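In our numbering, the protein residues as written are 97 to 320.
Glycine included, every Cβ here is placed at the ideal spot set by N, Cα and C.
For clarity, every value in this text was computed on a predicted model and none was experimentally measured.
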DNA sequence: TCATTAAATTGTT
DNA sequence: AACAATTTAATGA
């Protein structure tokens, strides 16, 4: 089971910290265990931390009553989110983040985040790259939403979890139910099921109970 | 350890 | 959306 310092040291920004900075981050950052179905953060809550997933999996959800368009996003272990809200202080969270299964989340306080922002060039570079990646993903979602058939959408939905910059060290086995995969890909559960079988026949994934094993990330990215 | 049951997930219509 | 089949987890003998 990964630890906070292991996750940070494996991340692009963690490698850029000197010993003192790393020590400070580890001292300031709180780790919380979220049970399956629990909230990692709540919509409307004040933004006071940058949040990382140490272990487990969280998904972004929008309440249907709000009816706003939210990019369906899953954050696996190693991923960090909320920097956009943190930079726009004062701001409240605009989405719920729910643990798909038991998840350990890290909360880096705003003050620590700002300290790194002021002092560490590598941290700034990482944030720029992460924001740019998200922008690219957002554009890709808009494009694929119209252009690609459901099989390709599911393929890309899975492949995006293997972005080495955003989510370093994603395991090849994704513990995601087919319902979650449908949510992530923007298709119904039934269609996700059929797509997964197509992708399995193509030799790109192996479908198992409660998850899928990804065999060929590149194949998924370029599937169509 | 094994059997039973409930819950979750999957495959199909 | 609804249904049946399958897998897992939990419980107790």
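Query, Result
"Given residue 292, which residues of its chain have a CB within under 6 Å of its CB, disregarding the five upstream and five downstream residues?", "303"
"Got a sec? Which residues, its chain only, sit under 8 Å from residue 147 by beta carbon, not counting five neighbours each side?", "136, 137, 176, 177, 178, 193, 201, 202, 203 and 204"
"Who are the near neighbours of residue 156 in its chain, counting only those whose CB is closer than 7 Å to its CB and skipping five residues on each side?", "166, 168, 169, 191 and 193"
"The alpha helix (DSSP H) with residue 138 in it runs from where to where?", "Per DSSP, residue 138 belongs to no alpha helix (DSSP H) and is neither H nor E."
"Give the DSSP-derived three-state secondary structure of residue 197 in the structure shown.", "strand"
"For residue 157, which of helix, strand or coil comes out of DSSP?", "strand"
"Would residue 214 be called buried (16 or more neighbouring beta carbons within 10 Å of its own) or exposed?", "exposed"
"Rounded to whole angstroms, what is the Cα-Cα separation between residue 254 and residue 144?", "30 Å"
"In whole angstroms, what separates the C-alpha of residue 111 from that of residue 217?", "12 Å"
"To the nearest angstrom, how far is the alpha carbon of residue 256 from that of residue 281?", "10 Å"
"Closest by CA to residue 185, which one among 206, 199 and 198?", "206"
"Evaluate residue 286 with the Cβ neighbour count: other Cβ atoms within 10 Å of its Cβ, from every protein chain shown; 16 or more gives buried, anything less gives exposed.", "exposed"
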